[in-house]
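Sequential numbering of the sequence shown, starting at 85, is according to my numbering.
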Amino acid sequence: VQLQASGGGLVQPGGSLRLSCAASGSIGSMYVMGWYRQAPGKQREWVAVINNDGSTNYADSVKGRFTISRDNGRRTVYLQMNSLKFEDSAVYYCNVNTRGKTYWGQGTLVTVSS
Numbered sequence: 085v086q087l088q089a090s091g092g093g094l095v096q097p098g099g100s101l102r103l104s105c106a107a108s109g110s111i112g113s114m115y116v117m118g119w120y121r122q123a124p125g126k127q128r129e130w131v132a133v134i135n136n137d138g139s140t141n142y143a144d145s146v147k148g149r150f151t152i153s154r155d156n157g158r159r160t161v162y163l164q165m166n167s168l169k170f171e172d173s174a175v176y177y178c179n180v181n182t183r184g185k186t187y188w189g190q191g192t193l194v195t196v197s198s
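Spelled out as structure tokens, the structure:
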């Protein structure tokens, strides 16, 4: 299983970005996808998750600003990020949990700066 994340970039505070993460390989039909992030000098932290039934959960720090979604046909998970803040700057990683294993993408850098 391989994950390819994209969509990061430089954005001003208050702006928006949409991240994408496409899975390839054999992930089966039942899988959970999520996003994490890691800022410089900090530990990786969980951001959002979307379950196989489409239910979602968010970290308190992004609730109401970020939306996670998935396209099962494309085996892709998205993270719509609105009202971005300086503290959202980080490398964002997607992952997929399937059949007892967890796979990670390579990360995409989001920089929020004026």
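Where is the CB? At the ideal position from N, CA and C, for every residue including glycine.
Residue i at chain D interface by Cβ criterion, 8 angstroms
{"i": "GLN96", "result": "Absent here is chain D; the protein component of the structure consists of one chain."}
Burial state of residue i (16 or more Cβ within 10 Å)
{"i": "ASP172", "result": "buried"}
{"i": "MET199", "result": "Because residue 199 is not part of the residues shown, which for the chain are 85 to 198, the question remains open."}
{"i": "THR186", "result": "exposed"}
{"i": "LEU94", "result": "exposed"}
{"i": "GLY112", "result": "exposed"}
Beta-ladder partner(s) of residue i, from DSSP
{"i": "ILE283", "result": "An answer regarding residue 283 cannot be provided, because it is not within the stretch 85 to 198 covered by the chain."}
{"i": "SER108", "result": "GLN86"}
{"i": "ASP122", "result": "For clarity, residue 122 is Gln in the given sequence; the question names Asp instead. Bridge partners of GLN122: VAL175."}
Chain-order list of residues whose beta-carbon lies under 7 angstroms from that of residue i (same chain, five-residue window excluded)
{"i": "ARG158", "result": "ALA106"}
Of the listed residues the options, nearest to residue i (C-alpha basis)
{"i": "ASP144", "options": "ASP137, GLY138, VAL131", "result": "VAL131"}
{"i": "SER108", "options": "ALA89, SER100, GLY125", "result": "ALA89"}
{"i": "ASN179", "options": "LEU103, PRO97, MET165", "result": "LEU103"}
{"i": "GLY191", "options": "SER100, THR151, GLY118, PRO97", "result": "GLY118"}
{"i": "PRO124", "options": "GLY189, TYR142, PHE170", "result": "PHE170"}
Inter-residue spacing [alpha-carbon to alpha-carbon] between residue i and residue j
{"i": "LYS126", "j": "ILE134", "result": "24 angstroms"}
{"i": "TYR176", "j": "LEU168", "result": "14 angstroms"}
{"i": "ASN136", "j": "VAL196", "result": "31 angstroms"}
{"i": "VAL194", "j": "ARG183", "result": "30 angstroms"}
{"i": "ASN181", "j": "TYR120", "result": "13 angstroms"}
{"i": "LYS147", "j": "SER110", "result": "31 angstroms"}
{"i": "GLY138", "j": "TYR162", "result": "12 angstroms"}
{"i": "GLN164", "j": "GLY92", "result": "11 angstroms"}
{"i": "ARG149", "j": "ASN166", "result": "5 angstroms"}
{"i": "THR160", "j": "SER198", "result": "30 angstroms"}
{"i": "ARG154", "j": "VAL116", "result": "10 angstroms"}
{"i": "LEU101", "j": "ASN156", "result": "21 angstroms"}
Sequence-distant residues of its chain with Cβ nearer than 6 angstroms to residue i (five each side left out)
{"i": "GLN122", "result": "ARG128, ALA174, VAL175"}
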